[in-house]
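>
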Amino acid sequence: MREPWMKKIVDEIKKEYGSVEIKKIGHNYYVYRVSSIYDREKKRAKKISGEYIGRITMNGLEKKKPLPSPRSVFEYGNARILFIMAQEIIPDLQRLFPIHWKEIIAISITRTIMPVPMKYLESAWSKLYLSGEIDASLSPNTISEKLRSIGSDWNSQREFYRMLIGKKSVIFLDLSSIFSYSENIRLAEKGYNKDHKGLRQINFALLFSDEPVMLKAMHGSVRDVKYFSSVLEEFDLSRCIIIMDRGFFSMKNMEEMNKMGMMFIQPLRRNSKIIDYSIPLKESFVYRDRGIRYGIKRIGSYYLYLYEDVKMKGEEHLNLIEARVKGNKVKIDESRLGKISIISNLLMDGDKIYDLYKQREDIEQAFDGMKKELENDKTYLQDDDSLRGYFFIIFVSLYLYFRVLNIIKKADLTKELSVNELLLELSRVYLQEYTDGKKAYTEIPKKVEKIISKLKI
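As numbered in my numbering, residues 1 to 457 make up the sequence shown, in order.
1) Check for me: the alpha helix (DSSP H) holding Ser284 runs from which residue to which?
2) Using the C-alpha atoms, what's the distance from Ile332 back to Ser221?
3) List the endpoints of the continuous beta strand (DSSP E) containing Ser344.
4) May I ask which residues mark the beginning and end of the beta strand (DSSP E) holding Tyr277?
5) Using the beta-carbon count (16 or more within 10 Å), is Lys216 buried or exposed?
6) Give the DSSP bridge partners of Lys15, in chain order.
7) Name the two residues that bound the continuous alpha helix (DSSP H) containing Met251.
8) Is Tyr390 near the ligand FMN, going by C-beta to nearest heavy atom under 6 Å?
9) Classify Thr414 as helix, strand or coil using the three-state DSSP reduction.
10) Where do the ends of the alpha helix (DSSP H) carrying Arg162 lie?
11) Please identify the residue among Leu96, Leu206 and Arg428 whose C-alpha is closest to the C-alpha of Pro445.
12) Among Lys439, Pro267, Leu268 and Lys352, which has the Cα closest to the Cα of Glu283?
13) Buried or exposed for Ile234, going by 16 or more other Cβ atoms inside 10 Å?
14) Between the alpha carbons of Ile242 and Met257, how many angstroms are there, rounded?
15) Which residue comes first and which comes last in the alpha helix (DSSP H) that contains Ile84?
16) Lys259 and Ile279: beta carbons closer than 7 Å?
17) Work out the CA separation of Tyr129 and Tyr29 for me, nearest whole Å.
18) For a test of the three-state rule: what should DSSP assign to Ala124, helix, strand or coil?
19) Over what stretch of residues does the alpha helix (DSSP H) that includes Gln94 continue unbroken?
20) Answer yes or no: do Ile150 and His100 have a C-beta to C-beta separation smaller than 7 Å?
21) CA-CA distance, Glu75 and Tyr354?
22) Quick check on Asp236: does DSSP put it in helix, strand or coil?
23) If contact is defined by three or more beta carbon pairs under 8 Å, each pair taking one atom from either stretch, is the region 401-415 in contact with the region 80-99?
24) Tell me whether the beta-carbon of Ile457 lies closer than 7 Å to the beta-carbon of Ser108.
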């Protein structure tokens with residue numbers, strides 16, 4: 001018996017193809033052309049199934065694709081390093097997502113190499129040697145169904161995140177939002193954003209240590225400490241130092257975090273009234289070839305750290321003078337030039353607090369890149385489950401990206417090699433398959449050999 005939702009789809013198929021036959025195989029419905037011949041013995045027409053047309057899904061007819069010309073050369077090096085990076089999490093993905101783990105790995109690796117829209121994923125995946133080793137289904141309709149299924153299983157996602165958080169001692173928190181016009185996404189609500197646009201938005205929080213450990217979408221109307229308290233309810237962060245983003249600051253939020261027993265480091269905006277720019281800067285250190293002076297002042301239960309980046313102060317002072325020479329009447333409190341302020345409930349050496357604060361830069365850059373991907377694909381995300389599933393895939397991709405970045409950092413090559421540059425160079429290492437079944441690498445370029453040697457991979 002056919003499902004009720006199929007009637008309209010079948011009617012549309014018949015308008016386009018004429019006589020068709022619907023066959024149910026397992027849980028799926030398949031469409032074939034039909035014709036008839038006259039059966040002389042039975043003296044009546046006999047129906048004959050003909051060409052296979054495609055599969056019926058709730059989204060409509062998924063037409064069969066023409067057979068591609070056989071590929072014999074595959075990109076190897078770029079996919080290989082990401083597959084190695086994924087080895088630590090694949091057993092957990094297999095355990096928690098036994099039906100979908102192949103698609104999770106395939107999409108994440110493909111998107112890390114090149115953030116193509118979802119409708120082009122199948123083509124991009126077919127160019128990688130892994131497509132012959134991991135049988136992942138990446139047609140647009142299949143991906144949509146997978147995302148919904150993954151997104152509806154928050155328990156498995158949460159267990160995966162808890163495993164990654166493990167015994168981390170430092171956690172960075174980043175909060176952001178994207179706008180959505182979809183009426184079916186209930187997480188999208190009108191809420192506060194820095195641009196003060198009256199649009200429906202989806203909030204999300206990223207937890208990060210030396211690599212991403214959690215990404216969660218939340219209702220667009222939830223803000224401030226409530227935004228974070230739901231994360232604290234699900235993940236034990238009481239032993240961690242939380243490094244916040246500037247936009248999270250308010251005295252109320254700090255008081256709430258103190259009550260929760262949280263250890264935190266909170267950067268401040270330059271115009272924050274809590275900053276005392278008269279704090280004597282008696283201590284100093286060098287950070288990445290830049291001279292930093294600093295002082296500390298106690299404010300109630302908290303400690304205010306005031307830093308002066310000597311080089312930045314000179315640059316900002318020069319810009320101020322140039323503006324005034326050009327006739328621009330710039331009013332700036334020169335005592336703020338080159339200054340960075342941080343408030344915390346921890347008393348530590350100023351250089352350690354500053355180092356933790358500066359580590360946010362890599363995270364913020366990655367977060368910005370992830371948001372661009374979300375903006376590009378959000379038209380495909382039509383309900384809460386598909387959105388949560390997509391966020392999880394994006395998270396795994398971000399995880400792989402930072403695992404590679406940590407290898408580059410370990411080799412002290414960050415000044416000469418980015419993750420994207422590394423993946424581009426490694427894409428020049430191909431795997432050739434021959435008609436007799438043998439496989440061989442194509443010649444490895446000298447530049448790639450040097451990179452592989454330096455990274456010890």
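Quick reminder that beta carbons are idealized off the backbone N, C-alpha and C, glycines included.
Once the coordinates are examined:
1) Translated into the one-based positions of the sequence shown, residue 284 becomes position 284. Unbroken run through Ser284 is the beta strand (DSSP E), Glu283 to Tyr287; no alpha helix (DSSP H).
2) Your numbering for residue 221 matches position 221 in the sequence shown. Your numbering for residue 332 matches position 332 in the sequence shown. Note that Ser221 has pLDDT 49, beneath the 50 cutoff, so the model's placement of it is unreliable and no number is given.
3) As a first step, residue 344 must be located in the sequence shown, where it is residue number 344. Run containing Ser344: Lys339 to Ser344, per the beta strand (DSSP E) assignment.
4) As a first step, residue 277 is located in the sequence shown; it is residue number 277 there, counting from the start. Neither: Tyr277 is in no beta strand (DSSP E) and is coded neither H nor E.
5) Taking the first residue of the sequence shown as 1, we reach residue 216 at position 216. Its Cβ being crowded by 16 or more others within 10 Å, Lys216 is buried.
6) By one-based count along the sequence shown, residue 15 stands at place 15. Answer by DSSP bridge pairing: none, since Lys15 is not bridged.
7) The residue labelled residue 251 in the question sits at position 251 within the sequence shown. Start and end: Met251 to Lys259.
8) Ligands displayed in this structure: none; no statement on the ligand FMN is therefore possible.
9) Looking up residue 414 in the sequence shown gives position 414. Coil, per DSSP.
10) In the sequence shown, residue 162 corresponds to position 162, counting from 1. Segment Trp154 to Ile165, the alpha helix (DSSP H) holding Arg162.
11) Translated into positions along the sequence shown, residue 445 becomes position 445. Here the closest residue by C-alpha is Arg428.
12) For this step, residue 283 is matched to residue 283 along the sequence shown. For Glu283, the nearest C-alpha among the options comes from Lys352.
13) Here residue 234 corresponds to residue number 234 of the sequence shown, with the count starting at 1. One detail in the question is off: residue 234 reads as Glu in this sequence, not Ile. By the 10 Å Cβ count, Glu234 comes out exposed.
14) By one-based count along the sequence shown, residue 242 stands at place 242. By one-based count along the sequence shown, residue 257 stands at place 257. Roughly 10 Å between the two C-alpha positions.
15) Start at 1 with the first residue of the sequence shown, and residue 84 comes out as number 84. Its alpha helix (DSSP H) spans residues Gly77 to Met85.
16) As a first step, residue 259 must be located in the sequence shown, where it is residue number 259. As a first step, residue 279 must be located in the sequence shown, where it is residue number 279. No, they are not a contact pair.
17) Walking along the sequence shown from the start, residue 29 turns up at place 29. Walking along the sequence shown from the start, residue 129 turns up at place 129. If you take the alpha carbons of Tyr29 and Tyr129, they lie about 31 Å apart.
18) Here residue 124 refers to the residue found at position 124 when the sequence shown is read from its first residue. Note: Ala124 maps to helix in three-state DSSP.
19) Stepping through the sequence shown from its first residue, residue 94 is reached at position 94. Per DSSP, Gln94 belongs to the alpha helix (DSSP H) from Ile90 to Leu96.
20) Translated into the one-based positions of the sequence shown, residue 150 becomes position 150. Translated into the one-based positions of the sequence shown, residue 100 becomes position 100. Their beta carbons are under 7 Å apart, which means Ile150 touches His100 by this criterion.
21) Here residue 75 is taken as the residue at index 75 of the sequence shown, counted from 1. Here residue 354 is taken as the residue at index 354 of the sequence shown, counted from 1. Cα-Cα distance, rounded: 42 Å.
22) Within the sequence shown, the letter at position 236 stands for residue 236. DSSP places Asp236 in coil when its eight states are reduced to three.
23) yes
24) Within the sequence shown, numbered from 1, the residue matching residue 457 stands at position 457. Within the sequence shown, numbered from 1, the residue matching residue 108 stands at position 108. Not closer than 7 Å, so no.
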